[in-house]
Amino acid sequence: MPAKDELARRRYEKLVERIESLMRAALKAEHEGYYGQLILGADDLAEMGELKDVRRAAREAGRRLGWKTTTRLVGDRLFVLDERKAPEEIERLAGDTAAAAIDRARQEIHRPRS
80 MPAKDELARR RYEKLVERIE SLMRAALKAE HEGYYGQLIL GADDLAEMGE
130 LKDVRRAARE AGRRLGWKTT TRLVGDRLFV LDERKAPEEI ERLAGDTAAA
180 AIDRARQEIH RPRS
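Number 184 in my numbering belongs to position 105 of the sequence shown; there are no gaps in the numbering.
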């Protein structure tokens, strides 16, 4: 039985490392580690294993990154989010970036199609 426990522990640790890597890759350098988010689709979840294990691993990976991690299942997607309060200057930068993206999307909608 201990060998099975060791195998399960190693499998879990590998899952945490994989999710942590995905979370790091999703961070934007200009946000200095804040506003982290990872969205895992149905295929990702099926490949990673049991939902409860994936959620637990995501929370552990978030702790390693200093996140205040929450997970939310919406349909067949798992959202892994950092809910820390960002410093004011980063909050302003993120807001400006979001506003610019919305402006670009609106312009694209109103652009004549040929």
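All C-beta atoms in this analysis are idealised placements derived from N, C-alpha and C, irrespective of residue type, glycine included.
None of the values given here were measured: they were computed from a predicted structure.
Report all residues from its chain with a CB closer than 7 Å to the CB of residue i; omit the five preceding and five following residues, and keep chain order.
i	result
TRP146	GLY115, ASP161, ARG163
GLU111	ILE169
If you run the structure through DSSP and keep just helix, strand and coil, what is residue i?
i	result
ARG190	coil
MET80	Its pLDDT being 46, under 50, MET80 is placed unreliably in this model, and the value from its coordinates should be taken loosely. Residue state, collapsed to three classes: coil.
Is it true that the CB of residue j sits closer than 8 Å to the CB of residue i?
i	j	result
VAL153	MET102	no
ILE188	ARG156	no
ALA125	LEU94	no
GLU142	THR150	According to the sequence displayed, residue 142 carries Arg and not Glu. Against a cut-off of 8 Å, the Cβ pair of THR150 and ARG142 comes out as no contact.
ALA165	TYR113	yes
Taking only runs that begin and end inside the segment 107 to 180, name each unbroken alpha helix (DSSP H) of 4 or more residues, in chain order.
121 to 127, 130 to 144
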